[in-house]
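**Student:** The structure follows.
This is the structure we're talking about:
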């Protein structure tokens, strides 16, 4: 029995995890795990709550992407109560959701991931962080902080709260948008679009081109992919659409969110609190073997860029075409999640502008009155970290009797375990390792932005 | 060099850390000059067991200031919190999970063991799945606020906490003075129009929007409680307000109490029932009373409903 290297905590990620790398007697990797350390129990403690209150509770699943849980939940409650939101109500929700994607991407790429690339994966841990980035590239860092703050404050001012929002409500949205608000949001989003274009160029020249060798190796695994696409033209969608589940060979099936149980199952391992969704409909079971994985698919940015046929906005479409012609479909290189993330940031800005320019956006008719009743609703949105599924059953009083949640990050738990194992096995040989190499193992996890 | 600072998050969502980032233009000087961050898993790579993972004891560096978010849900959280207390001169509990249990303490109203079984046996899990127990921290008997386990020097609630107040706490520590924090209730900071008692005798669910003139300022909208909606402003600590109004109210949505009780050691459930009764509102019309403790269920406030004891008839 050799030794175990504990990387704890995995840092510059949102959640709570540790990596354990088991070495054999000769110092080579026998096995490696990403252990998810935290379980709070949302599925159970929302039982008994009035369903219309739940969007204000489940947003606390994630303080980085609270809008995603808030709105998936709101959509599920709409369906359970059998209420159709007004067109403007839907569009206001979508606007908040895609706008929240912008801030999330700035945060992840620049605050959490970029230190590995700007300062280098082997730089000392005391500088390999956002504080180090500020010192290394002060102008860019100042701009990043300013842009993230702009995006957060736009949402904060319009919707009252940017973190743990309350403005999405069953039947629509809690308040209409005034013309003054619309113009201010439009101006801010145009600034963010310029920044997103800069960020994409910066990523391509300073990260992806420079680290092409690392991208071709680090954490690379072969899996299927899951994402949401437009029901008509198969283009990228974040707020609403049909789900597309793609196999490793690129073939795919499309289905409606409420049928998710026919396609997705959840595997449970005894060594981590997160469940591991897998493609039940492939009828091959679940196996995280690197050579012959079974049932394994990935979600989040790279998955969405792989499953969609196009992107409906011009600048993002241009970037998407360049990406696909370089990396093919589906692209499997794990670090390309970062590249796909920056393409999505451009889309999120362009889509926000489209919504703000939609003629009905300032219509005061933002909410349909709801009546509590027994029913079932499945609400789906694409969160930054993957497809988010909220499935609620209500009683006659409109209170939750059963809830099933499949959270974005969990789709990638099995793939992250595989990427960790792949990275550790490639990097650690004959007992030789150091801080820099161990950080590279973490980089394979960070790409998934868990 | 700035003041050494260690940050940790226990059973939490990272929203408090995002609130720190939302400080805005002061953020860069704070994190690069005023503070010298020596440990913070969300921002930097200091590890518990040495940078190459070969240590055996969980270690956090010495620091003048410690900031902890999240409640104490499992044995690892407890170990981290105790280590933070040991290594930090001043320990701040940030956010309602750390100060009052927060949303995760809703689990205190359930039978935890049964619930966890249920979580791993849903419509989508593989049949026969069991609660994981290997290499994962074991849960405590319930969710605790930080001050139930160690001494806390400064409490800053909020879900999320207000970035302006986070900055005030940081500056007050740097300047070695007590922070200036709000002591009033949400209602005291709410600009909506109050016309007096007697207008309503029951509370209704938030199933349609409040009455207000779109675009008109908040002081032209009638108090949401007077409009008949359950609004926890009377019993909730102020502090969320920005642009002159409590945040949920500015979204035209009633308050749910995310800053915890306004009275020290207050009970948001009992206090709200009293507030309703004294306004002539029938508290029995509140559909889910437990949920009034959704942000302050630690300190033994929220407990599982006792199962009825069934005695066999002879």
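Chains as they are written, first to last, in the working numbering: chain B, 1 to 450; chain P, 451 to 764. Quick reminder that beta carbons are idealized off the backbone N, C-alpha and C, glycines included. Fair warning: this is a prediction, and the values are worked out from it, not measured in the lab.
1) To which residues of the same chain is residue 638/P closer than 8 Å at the C-beta, ignoring the five residues directly before and after it?
2) Taking only beta-carbon atoms, is residue 289/B less than 8 Å away from chain P?
3) Exposed or buried, residue 664/P, counting other C-beta atoms within 10 Å across all chains shown (16 or more means buried)?
4) Can you confirm whether residue 639/P, when its beta carbon is compared against all beta carbons of chain B, has any partner nearer than 8 Å?
5) In three-state DSSP terms, what is residue 158/B?
6) Just to confirm, are residue 705/P and residue 636/P a CB contact at a threshold of 8 Å?
7) If I follow the unbroken alpha helix (DSSP H) through residue 445/B, where does it start and stop?
8) Return no unless some Cβ of chain B is closer than 8 Å to the Cβ of residue 493/P.
9) Taking any Cβ of chain P, which residues in the stretch 218-238 of chain B have a Cβ under 8 Å from it, in chain order?
10) For residue 679/P, write down the residues that DSSP places opposite it in a beta bridge.
11) Going along the chain, which residues of its own chain have a beta-carbon closer than 7 Å to the beta-carbon of residue 662/P, five neighbours each way excluded?
12) Can you name, in chain order, every residue of its own chain whose Cβ lies under 6 Å from the Cβ of residue 122/B, other than the five neighbours on each side?
13) Shortest alpha-carbon distance to residue 734/P belongs to which of 690/P, 655/P, 667/P and 752/P?
14) Kindly indicate which residue of 248/B, 140/B and 245/B has the alpha-carbon position closest to the one of residue 203/B.
15) Tell me which same chain residues have a C-beta within less than 8 Å of the C-beta of residue 263/B, skipping the five on either side of it?
16) Could you give the DSSP three-state label for residue 490/P: helix, strand or coil?
17) Is the shortest distance between the beta-carbon of residue 269/B and the beta-carbons of chain P less than 8 Å?
18) Between residue 621/P and the rest of its own chain, which residues show a CB-CB distance below 7 Å, the 5 nearest in sequence each way excluded?
19) Tell me, please, which residues DSSP counts as bridged to residue 379/B.
20) Where do the N-terminal and C-terminal ends of the beta strand (DSSP E) with residue 246/B fall, by residue?
21) Take the Cβ of residue 728/P as the centre, count every other Cβ of all protein chains shown within 10 Å, and call the residue buried at 16 or more, exposed below.
22) From the DSSP output, in three-state form, read off residue 592/P for me.
23) In its own chain, which residues sit with a C-beta less than 7 Å from the C-beta of residue 602/P, not counting the 5 before and 5 after it?
24) Could you check the C-alpha separation between residue 384/B and residue 103/B for me, to the nearest Å?
25) Which residues of chain P have a Cβ atom closer than 8 Å to the Cβ of residue 52/B, listed in chain order?
26) Per DSSP, what kind of secondary structure is residue 349/B in: helix, strand or coil?
27) Residue 3/B by DSSP, collapsed to three states: which one?
28) Smallest Cα separation from residue 127/B: which of 481/P, 583/P and 667/P?
29) Below 8 Å on C-beta distance, what does residue 481/P contact in chain B?
30) Interface residues of chain P around residue 439/B at Cβ under 8 Å?
31) Is there at least one Cβ from chain P nearer than 8 Å to residue 35/B's Cβ?
32) Any chance the stretch 83-101 of chain B sits against the stretch 173-181 of chain B, with 3 or more Cβ pairs inside 8 Å?
33) Please check if any C-beta of chain B sits within less than 8 Å of the C-beta of residue 687/P.
34) Could you name the residues of the stretch 554-575 of chain P whose beta carbon sits closer than 8 Å to any beta carbon of chain B, in the order they occur along the chain?
35) In chain P, which residues lie less than 9 Å from residue 261/B when you measure between Cβ atoms?
36) Consider the C-beta atom of residue 414/B and the heavy atoms of the ligand HEM; say whether any pair is separated by less than 7 Å.
**Tutor:** According to the structure data:
1) 688
2) no
3) exposed
4) no
5) helix
6) Contact flag set, yes.
7) Its alpha helix (DSSP H) spans residues 435-446.
8) yes
9) none
10) 654/P
11) Answer for residue 662/P: 671 and 702, listed in chain order.
12) 436
13) 655/P
14) Closest option to residue 203/B, judged by alpha-carbon separation, among 248/B, 140/B and 245/B: 140/B.
15) 243, 245, 253, 255, 279, 280 and 281
16) coil
17) Using beta-carbon distances, residue 269/B counts as an interface residue toward chain P, with a partner under 8 Å.
18) Exclusion of the five residues before and after residue 621/P leaves no residue of its chain whose Cβ lies closer than 7 Å to its Cβ.
19) 390/B
20) For residue 246/B, the enclosing beta strand (DSSP E) stretches over residues 242-246.
21) exposed
22) strand
23) 541, 543 and 596
24) 10 Å
25) Close to residue 52/B, with beta-carbon spacing below 8 Å, are these residues of chain P in chain order: 655, 656 and 657.
26) Three-state result, residue 349/B: helix.
27) coil
28) 481/P
29) 130, 131 and 134
30) 495
31) yes
32) Result yes; three or more Cβ-Cβ pairs closer than 8 Å.
33) no
34) Near chain B, meaning a CB-to-CB distance below 8 Å, the residues of the stretch 554-575 of chain P are 554, 556, 557, 559, 560, 562, 565, 566, 568, 569, 570, 572, 573, 574 and 575.
35) In chain order: 573 and 574.
36) Questions concerning the ligand HEM fall outside what the structure shown contains, since it holds no ligand whatsoever.
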